[in-house]
Structure formats: C-alpha cells, structure tokens
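Residue numbers (this note's numbering): 3 to 131. Using N, Cα and C, we set each Cβ at its ideal position, and we do this for glycine too. Working notes, beginning with the structure itself.
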Amino acid sequence: MQRTTYSTGTAWEPRVGYSRAVRVGPFISVSGTTATDASGQVVGEGDIYAQAVQALTNIRTALEALGGRLEHVVRTRLYVTDISLWGDVGRAHGEFFGTIRPATSMVEVSRLIDPVMLVEIEAEAIVPE
3 MQRTTYSTGT AWEPRVGYSR AVRVGPFISV SGTTATDASG QVVGEGDIYA QAVQALTNIR
63 TALEALGGRL EHVVRTRLYV TDISLWGDVG RAHGEFFGTI RPATSMVEVS RLIDPVMLVE
123 IEAEAIVPE
C-alpha cells in the first residue's frame, strides 16, 4: 500500500523525525497535535479551550491534506495537563465531533513539551474507498 505523509513545515518534525499525519490506504493517523499556528507559535496561552480548538483545527487541516475529513475520524486521544479543565476540552471536542462521536480517551499528563501547552490531541481516521 502507498504511504503518504503530511508535514506542517515546523522545526519539530524533522528534528524529532515524525510527520504530522500519515496515510496508508484508507487509514490516516494524526500525531499528537498542539495549539500551534503556521509559524509554530502556541495559540491561546493560558486558555485550554482555545488551545483545544486550535489543535482540532490543525487536525482537520492535516486530515484534509491527505484526503480525509473530520467525519472519517474513528478515534481521538486527548492529553491534558489539568484534568479539572476537562469540560472546556470536551466542549471544543464536541463542537468538532458532536455528531461524529468517535471513540475517545482523555487523560491527565504531568506536562507537555512546552509548558505553555495545555492540551495535545491525536486522531485516527478511516477514509471510505
């Protein structure tokens, strides 16, 4: 099967050796995605809801670059630095996936790669043939 990758062009991807998203056949896996803009700067400092919205927007962009859509997402994983803010992250997730309703997990982690980052989200999609 053909493997296609998508990169945002930020410095992290070549340094760490990963792609924002990879498509193999009908499957798309989107790496842990944070609230960064096109220049790699964190959006929504101190606001976990704004960061979740930006991360989910970045996921949508990666999916679309590989021929997918949010409707194709079957699984998400949400990593938050403060689980007491789960409602704000859940609200953002619901705004993107309310009727799609993928399987999901949300777990608290001690920190992310940048202390300003409050949430990181992964997604898996299956694109119909």
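Asked: Could you tell me if Asp90 is buried or exposed, where buried requires 16 or more neighbouring beta carbons within 10 angstroms of its beta carbon?; Found: buried
Asked: Report yes if the CB atom of Leu120 is closer than 8 Å to the CB atom of Ile61, and no otherwise.; Found: no
Asked: Taking the C-alpha atoms as reference points, what is the distance between Gly211 and Val44?; Found: Summary: the structure shown does not reach residue 211, with the chain confined to residues 3 through 131, and so no result is reported for it.
Asked: Can you say whether Val18 is buried or exposed, counting buried as having 16 or more other CB atoms within 10 angstroms of its CB?; Found: exposed
Asked: Thinking C-alpha only, which one of Ala52, Ser9, Gly100 is nearest Tyr20?; Found: Ser9
Asked: Give a yes or no on whether the C-beta atoms belonging to Thr106 and Arg77 are separated by under 8 Å.; Found: yes
Asked: Check the DSSP bridge columns for Thr6 and list the partner residues they point to.; Found: Arg25
Asked: Quick one: using the 10 Å Cβ neighbour count with 16 as the cut-off for buried, is Thr101 buried or exposed?; Found: exposed
Asked: If you run the structure through DSSP and keep just helix, strand and coil, what is Thr36?; Found: coil
Asked: What three-state label does DSSP hand Tyr20 in the structure shown?; Found: coil
Asked: Identify every residue that forms a DSSP beta bridge with Met108.; Found: Leu80
Asked: Going by alpha carbons, who is nearest to Val32 out of Val118, Ala54, Thr63?; Found: Thr63
Asked: For Arg71, count the other beta carbons within 10 Å of its own beta carbon; 16 or more makes it buried, fewer makes it exposed. Which is it?; Found: exposed
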